[in-house]
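K.L.:
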Amino acid sequence: MARSSVCELCGSDEEVTLYEIPAGDGSEEQSVYLCKTCKTQIEEDTLDETHFNCLNDAMWSEVGAVKVLSYILLNKLGRQDLVDMMYLEDDEQALANKAVAADANKLVFRDANGVELKAGDSVVILKDLDVKGAGFTAKRGTTVTKISLPSGMDDHVEGRVNGVKIFLKTEFLKKA
Ligand SMILES: [Zn+2]
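One point on numbering: in my numbering, the residue at position 47 of the sequence shown is 52, and numbering is uninterrupted.
1) Taking 8 Å as the cut-off, does the region 6–26 touch the region 83–96 (at least 3 CB pairs, one atom from each stretch)?
2) Pull every residue with its beta-carbon under 6 Å away from any heavy atom of ligand 1, and keep them in chain order.
3) Use the C-beta contact count for Val113: other C-beta atoms within 10 angstroms, 16 or more gives buried, fewer gives exposed.
4) Buried or exposed for Gln85, please, with buried defined as at least 16 other CB atoms from any protein chain shown within 10 angstroms of its CB.
5) Quick one: residues in its chain with C-beta nearer than 8 Å to the C-beta of Met91, no 5 flanking neighbours on either side, listed in chain order?
6) For the region 115–125 against the region 148–160, do three or more pairs of beta-carbon atoms, one drawn from each stretch, fall closer than 8 Å, so that the two count as touching?
7) Hey, could you find the ends of the beta strand (DSSP E) Val162 is sitting in?
8) For the alpha helix (DSSP H) containing Asp135, list its first residue and its last residue.
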């Protein structure tokens, strides 16, 4: 079976690219061909339930990685009824469990008001912050664009101020 022509979840042929399933090893065997719509929604964690009705079919795919990804997404969508109907091989189940567990442990970054921050967001600094080692103060009111989220800590984000990449404590930030 040729795999790369259409999205293996919804069947669309719009900008189909290979997507590595969470907790996968990066091989084609543990990746799924996805259209732009599916991929964007999965990467940004904004699953549209109507669009992902396509999982009703994808969950019966003969491709292991497609089954695993369907399982992960159905879990996210809270479709336990469908998850229960699925049959995964032992290695597929192990991979799916790993991805679901990793997602449950995912760090959530929140600003001073408890609003979730995502990579690429812009934030405003709420108080003057001395930047240790850089010798300047990040001024209150400064907007920092395109923040990134460092792994391993959920109380700092990374962003560029005065051209210098620094860590900023989330409690002193507000999403712009
Ligand atoms: Zn798709």
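In this text, a Cβ means the ideal position worked out from N, Cα and C, and glycines have one as well.
P.N.:
According to the structure data:
1) no
2) Cys12, Leu14, Cys15, Ser17, Leu39, Cys40, Thr42, Cys43
3) exposed
4) exposed
5) Met64, Lys72, Ser75, Tyr76, Leu79
6) yes
7) 161–166
8) Run containing Asp135: none in the alpha helix (DSSP H); it sits in the beta strand (DSSP E), 134–136.
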